[in-house]
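These notes concern the structure reproduced below.
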Amino acid sequence: MDSAQQLSPRRFEASAEPPALFRSPEIYEKVINLDLNGPVTVAQGKARHAGLVAVRAFPFAAAKKALYMHGRVRHSNIVEALDAFTTETSLYIVLEHMPISLYQIVESAKYPTEPELAAILRQ
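Under this note's numbering, the letters of the sequence shown match residues 273 to 395, in that order.
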């Protein structure tokens with residue numbers, strides 16, 4: 273994907289649904305996969321000064337509701353949707369990253385690898 277086609281994280285208008293783009297999010301690099309009440313990928317934006325994000329996949333059957341909820345609900349205890357994209361089989365919503373504790377990682381179904389653990393300890 274060339275730089276003109278790359279997705280860039282952006283805030284959604286409170287009155288608008290997040291747009292779902294049919295592209296691969298090549299501007300994100302996976303840091304770790306976790307099971308936090310469902311699979312979540314913590315990723316790092318590849319752009320300079322980009323931070324960590326959480327990426328959650330939704331099957332198409334649940335996509336419209338997920339987009340609506342993350343696009344409309346504004347609350348300090350709910351992470352904000354930054355971006356959304358689709359693949360052939362799923363909708364992915366890019367969410368603001370919330371730091372996680374070592375306890376949450378240990379309780380996750382998948383134990384982190386050494387590079388993943390190093391990335392976690394940097395947060």
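Even for Gly, the Cβ is constructed at its ideal location relative to N, Cα and C.
Could you tell me which residues DSSP pairs with residue i in its beta bridges?
{"i": "residue 358", "result": "363"}
{"i": "residue 401", "result": "Since the displayed the chain opens at 273 and closes at 395, residue 401 lies outside it and no answer follows."}
{"i": "residue 368", "result": "325"}
{"i": "residue 353", "result": "367"}
{"i": "residue 311", "result": "307"}
{"i": "residue 330", "result": "363"}
Quick one: Cα of residue i to Cα of residue j, how far?
{"i": "residue 312", "j": "residue 326", "result": "6 Å"}
{"i": "residue 334", "j": "residue 365", "result": "12 Å"}
{"i": "residue 270", "j": "residue 360", "result": "The question about residue 270 has no answer here: the residues shown for the chain are numbered 273 through 395."}
{"i": "residue 349", "j": "residue 341", "result": "14 Å"}
{"i": "residue 324", "j": "residue 346", "result": "20 Å"}
{"i": "residue 319", "j": "residue 343", "result": "24 Å"}
{"i": "residue 389", "j": "residue 302", "result": "13 Å"}
{"i": "residue 337", "j": "residue 330", "result": "10 Å"}
{"i": "residue 322", "j": "residue 309", "result": "26 Å"}
{"i": "residue 357", "j": "residue 339", "result": "10 Å"}
Quick check on this structure: which residue in the options has the alpha carbon closest to the alpha carbon of residue i?
{"i": "residue 328", "options": "372, 318, 362", "result": "362"}
{"i": "residue 386", "options": "350, 304, 342, 323", "result": "304"}
{"i": "residue 315", "options": "369, 345, 340", "result": "369"}
{"i": "residue 317", "options": "330, 300, 307, 309", "result": "300"}
{"i": "residue 351", "options": "336, 371, 357", "result": "371"}
Use the C-beta contact count for residue i: other C-beta atoms within 10 angstroms, 16 or more gives buried, fewer gives exposed.
{"i": "residue 355", "result": "buried"}
{"i": "residue 306", "result": "buried"}
Kindly give me the distance between the Cβ atoms of residue i and residue j, rounded to whole angstroms, as I take these residues to be in contact under 8 Å.
{"i": "residue 353", "j": "residue 367", "result": "6 Å"}
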